[in-house]
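Chains as they are written, first to last, in the numbering used here: chain A, 376 to 513; chain B, 34 to 147. Backbone N, C-alpha and C fix where the C-beta goes; we use that ideal spot for every residue, glycine too. Given the structure is predicted, the values throughout are model-derived calculations rather than measurements.
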């Protein structure tokens with residue numbers, strides 16, 4: 376049976392970005408999942424959390440931790456992504472100066488989520504928001 | 034390198050408590066860019082950085098980093114220390130620059146990630 380975990384994220388609230396990935400990491404550790412796999416999953420979740428804090432107004436993270444895989448859905452209300460193909464390209468970013476000063480906004484987030492996950496789906500509507508769904512097998 | 038040797042060589046102060054037993058680190062990475070740190074495939078490394086904020090500690094937690102060294106006199110905030118302590122991460126503060134810290138640790142046998 377899958378364990379469901381839910382978290383909310385506020386746009387601009389970087390101090391709480393990482394709470395979802397931190398909790399998910401603890402749950403996966405308890406399930407004795409291999410450390411390298413856990414790292415891939417939590418890095419992807421953290422990148423997605425940072426994206427919501429950096430670009431959106433608010434969002435939520437839903438993780439379904441199953442026996443063989445984990446499915447994570449990160450949805451936000453926000454500006455959406457105008458050009459997903461471009462946003463996936465390493466080095467392309469629309470992040471603010473403040474976000475860059477915090478060590479992010481290098482245009483590597485979505486590409487890193489793709490690299491660390493087995494399945495990735497990005498649904499976005501400009502002016503409404505974005506939902507990033509990904510799956511990782513153990 | 035052993036953690037106690039690292040502390041001595043870079044004239045560091047531990048902002049968090051240290052584990053009871055001296056432990057060994059094999060590799061290190063220097064960066065102010067957390068996006069870059071999140072792409073590292075190695076675990077249990079030491080990170081030298083000029084960035085001192087909560088995002089650094091979160092990044093270290095997700096990237097399986099064991100020790101972060103705040104260079105050039107940067108200080109860890111109480112929030113950083115609390116979060117690091119929860120996750121068993123060691124924070125060191127050194128007055129040396131990133132360049133000098135990296136040079137000293139490299140020449141004493143701490144290998145680069147790349």
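Review point. Under 7 Å Cβ-Cβ, which residues of chain A neighbour residue 66(B)?
Key: Walking along the second chain from the start, residue 66(B) turns up at place 33. What residue 66(B) touches in chain A: 478 and 481.
Point to revise | Contact under 8 Å by Cβ, residue 444(A) with residue 490(A) | key: As a position in the first chain, residue 444(A) is number 69, starting the count at 1. As a position in the first chain, residue 490(A) is number 115, starting the count at 1. Taking 8 Å as the Cβ cut-off, residue 444(A) and residue 490(A) do not qualify as a contacting pair.
Practice item. Measure from the C-beta of residue 467(A) to each C-beta in chain B and report whether the shortest distance is under 8 Å. Key: Numbered from its first residue, the first chain carries residue 467(A) at position 92. Residue 467(A) does not count as touching chain B.
Review point. Based on Cα-Cα distance, which residue from 455(A), 385(A) and 430(A) lies nearest to residue 498(A)?
Key: The residue you call residue 498(A) lines up with position 123 of the first chain. Answer by Cα proximity: 455(A).
**Study point:** 9 Å Cβ cut-off: residues of chain B touching residue 432(A)
**Key:** Translated into positions along the first chain, residue 432(A) becomes position 57. Listed by position along chain B, the residues whose Cβ is nearer than 9 Å to that of residue 432(A) form an empty set, because the closest Cβ is around 20 Å away.
Review point. What span of residues does the alpha helix (DSSP H) with residue 53(B) cover, start to end?
Key: Locating residue 53(B) in the second chain gives position 20, counting from the first residue. Note, residue 53(B): premise wrong, no alpha helix (DSSP H); not H, not E.
Point to revise | Beta-bridge partners of residue 402(A), as assigned by DSSP | key: Residue mapping note: residue 402(A) aligns to position 27 of the first chain, counting from 1. For residue 402(A), which the question treats as bridged, DSSP gives no partner whatsoever.
Practice item. Output yes if chain B places a C-beta closer than 8 Å to the C-beta of residue 422(A); else output no. Key: Locating residue 422(A) in the first chain gives position 47, where the first residue counts as 1. At a cut-off of 8 Å, the C-beta of residue 422(A) has a neighbouring C-beta in chain B.
Check your understanding: Between the region 77 to 94 of chain B and chain A, which residues of the former have CB atoms less than 9 Å from a CB of the latter, in chain order?
Key -> Taking 9 Å as the Cβ-Cβ cut-off against chain A, the residues of the region 77 to 94 of chain B that qualify are 82, 84, 86, 87, 88, 89, 90, 91, 92 and 94.
**Study point:** Positions along the region 36 to 50 of chain B whose CB lies within less than 7 Å of some CB in chain A
**Key:** Residues of the region 36 to 50 of chain B whose Cβ lies closer than 7 Å to any Cβ of chain A: none.
Check your understanding: In chain A, which residues lie less than 8 Å from residue 96(B) when you measure between Cβ atoms?
Key -> For this step, residue 96(B) is matched to residue 63 along the second chain. Contact of residue 96(B) with chain A by beta-carbon distance below 8 Å involves 414 and 418.
Point to revise | Between the CA atoms of residue 118(B) and residue 401(A) - distance to the nearest angstrom | key: Position 26 of the first chain, counted from the start, is the residue given in the question as residue 401(A). Position 85 of the second chain, counted from the start, is the residue given in the question as residue 118(B). Note on geometry: alpha-carbon atoms of residue 401(A) and residue 118(B) lie some 15 Å from one another.
Exercise for review: Let me know if residue 496(A) comes out buried or exposed under the rule of 16 or more other beta-carbons within 10 Å of its beta-carbon.
Suggested key: One-based indexing of the first chain puts residue 496(A) at position 121. With fewer than 16 Cβ atoms within 10 Å of its Cβ, residue 496(A) is classed as exposed.
Practice item. Using a Cβ cut-off of 8 Å (strictly closer), state whether residue 360(A) contacts chain B. Key: No answer is possible for residue 360(A): it lies beyond the span of chain A, which begins at 376 and ends at 513.
Exercise for review: Go to residue 466(A), then tell me how far its alpha helix (DSSP H) extends in each direction, as first and last residue.
Suggested key: Taking the first residue of the first chain as 1, we reach residue 466(A) at position 91. Looking at the DSSP string, residue 466(A) is not in any alpha helix (DSSP H), and its letter there is neither H nor E.
Check your understanding: Can you list the residues of chain B that residue 410(A) reaches, using a CB-CB cut of under 9 Å?
Key -> As a position in the first chain, residue 410(A) is number 35, starting the count at 1. What residue 410(A) touches in chain B, judged by beta-carbon distance under 9 Å, is 76 and 97, going in chain order.
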